[in-house]
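Heads up, my numbering is the position in the sequence shown plus 2, with the first residue counted as 1. Just so it is clear, CB atoms sit at the ideal spot from N, CA and C, and this is done for glycine as well. Nothing here was measured: the structure is a model prediction, and the numbers come from that model. Report on the structure given below.
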Amino acid sequence: MGAEAGDPVVAKFDNRPTWDNNGPKFDNRPTWDNGNKKESHCRAARTPRAGRPVPTETELAMDSRTFGRVTVALPNLDETGAYLSNVSSLETGRGIVQDFRYADADLRDLALSDTRLITGRIIGLRASRVEFSAMRLDSVDFDGCDLGSADWRDSKLSRVAFRNGKLMGATLTGLTIDSVLFENCRLDNATLDNVRATGPVAFSTCTLSEAVFTNCDLGRVVLDGCTLRLTEFGRGRYQGLDLRGNDLSALRGAAHLARVVIDRPQRTELAEALVAELDVTYGDTLDDGR
Numbered sequence: 003m004g005a006e007a008g009d010p011v012v013a014k015f016d017n018r019p020t021w022d023n024n025g026p027k028f029d030n031r032p033t034w035d036n037g038n039k040k041e042s043h044c045r046a047a048r049t050p051r052a053g054r055p056v057p058t059e060t061e062l063a064m065d066s067r068t069f070g071r072v073t074v075a076l077p078n079l080d081e082t083g084a085y086l087s088n089v090s091s092l093e094t095g096r097g098i099v100q101d102f103r104y105a106d107a108d109l110r111d112l113a114l115s116d117t118r119l120i121t122g123r124i125i126g127l128r129a130s131r132v133e134f135s136a137m138r139l140d141s142v143d144f145d146g147c148d149l150g151s152a153d154w155r156d157s158k159l160s161r162v163a164f165r166n167g168k169l170m171g172a173t174l175t176g177l178t179i180d181s182v183l184f185e186n187c188r189l190d191n192a193t194l195d196n197v198r199a200t201g202p203v204a205f206s207t208c209t210l211s212e213a214v215f216t217n218c219d220l221g222r223v224v225l226d227g228c229t230l231r232l233t234e235f236g237r238g239r240y241q242g243l244d245l246r247g248n249d250l251s252a253l254r255g256a257a258h259l260a261r262v263v264i265d266r267p268q269r270t271e272l273a274e275a276l277v278a279e280l281d282v283t284y285g286d287t288l289d290d291g292r
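Here it is as structure tokens:
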């Protein structure tokens with residue numbers, strides 16, 4: 003019986019989703035798969051490189067290392083499906099090298115400027131003369147490289163690892179570093195000027211004999227098990243610099259190391275370094291009558 007004029011209209015309750023009322027049957031698959039299965043906008047998983055073993059969960063978890071109070075994120079190059087192409091040079095007209103492997107090069111000169119290196123391994127590189135400027139490195143691993151007395155300026159490094167390498171006599175100027183690891187490296191006689199650590203940085207079991215730090219911001223840096231013989235700390239910002247686990251007795255510039263982190267037994271080492279720098283005279287060494 004139809005409703006007469008003036009009668010209230012009562013809508014029949016329908017608990018189906020409103021977008022499905024009087025329409026096609028509801029499909030709870032992802033929207034890109036509804037109907038005629040339109041093209042997915044999701045990136046397909048990459049296929050692992052042929053012959054390359056799939057990393058275990060433990061290996062995948064090893065994308066960071068903790069030293070004292072800081073955790074350094076490492077280049078994540080072993081993720082499932084990662085593919086690194088062998089390259090014969092780091093020089094490119096495009097100014098970018100990505101997903102690469104550069105191995106066993108023995109060069110007289112290596113000069114790079116305004117170049118970006120992204121996701122790659124550099125293995126066994128040897129160069130007598132290295133000049134880097136305005137570089138950007140993201141997720142790059144250097145292993146067993148000898149960069150000689152490199153001149154490296156005005157660059158940004160993020161998630162970079164230097165292992166078992168040499169930067170002896172290198173000059174590092176105006177670098178901004180974040181999540182960078184130097185492990186088992188030789189940086190004897192290196193000069194680090196205006197180097198700013200904006201994120202966690204670690205020097206682990208490195209030799210820094212007679213290296214010089216000037217105008218650096220090392221508040222988020224850890225030196226762990228390093229050789230600091232005649233290592234000089236000039237003016238700079240060192241509040242928070244973690245020096246635990248190192249012999250501090252032979253370093254220079256102890257007066258500039260305000261608010262660094264040390265262990266209690268290291269107080270005598272730091273005091274010894276300061277006394278040596280002040281060149282004090284002990285009374286019992288004076289001649290009688292003086």
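{"Query": "Whether Leu189 touches Leu220 by CB criterion (8 Å)", "Result": "no"}
{"Query": "Run of the alpha helix (DSSP H) containing Thr270, from where it starts to where it stops", "Result": "Gln268 to Leu280"}
{"Query": "Segment contact, 8 Å Cβ cut-off, at least three pairs: the stretch 94 to 109 with the stretch 240 to 256", "Result": "no"}
{"Query": "Span separating the alpha-carbon of Glu274 from that of Val282", "Result": "11 Å"}
{"Query": "Among Asp156, Leu174, Leu253 and Val277, the one whose alpha carbon lies nearest that of Gly150", "Result": "Leu174"}
{"Query": "Among Met137, Val223, Asp143 and Gly201, the one whose alpha carbon lies nearest that of Ile125", "Result": "Asp143"}
{"Query": "Paired residues, beta bridge with Gln241 - DSSP", "Result": "Answer by DSSP bridge pairing: none, since Gln241 is not bridged."}
{"Query": "For Ala199, the three-state DSSP class (helix, strand or coil)", "Result": "strand"}
{"Query": "C-beta contact flag for Tyr2 and Ala260 at 8 Å", "Result": "There is no way to answer for residue 2, as the model of the chain reaches only from 3 to 292."}
{"Query": "Simplified DSSP assignment, three categories, for Gly122", "Result": "strand"}
{"Query": "Candidates Leu183, Phe184 and Ala172: closest to Ala192 by CA position", "Result": "Ala172"}
{"Query": "Asp286 - DSSP class collapsed to helix/strand/coil", "Result": "helix"}
{"Query": "Nearest to Pro297 (by Cα), restricted to the options Leu245, Ala257, Arg128 and Thr287", "Result": "With the chain covering only 3 through 292, there is no way to say anything about residue 297."}
{"Query": "Top-ranked residue by Cα proximity to Ala136, from Asp145, Ala113 and Gly146", "Result": "Ala113"}
{"Query": "Under the three-state DSSP convention, the category Ala75 falls into", "Result": "strand"}
{"Query": "Own chain residues within Cβ distance below 8 Å of Thr207, not counting five before or after", "Result": "Glu185, Asn186, Asp226, Gly227 and Cys228"}
{"Query": "Exposure label - Val277; buried when at least 16 CB within 10 Å", "Result": "exposed"}
{"Query": "Length of the line joining the Cα atoms of Gly236 and Leu243", "Result": "14 Å"}
{"Query": "Environment of Ala213 [buried if 16+ CB atoms lie within 10 Å]", "Result": "buried"}
{"Query": "Cα-Cα separation, Leu280 to Asp289", "Result": "21 Å"}
{"Query": "Assigned secondary structure, Ala257 (DSSP; H/G/I helix, E/B strand, else coil)", "Result": "helix"}
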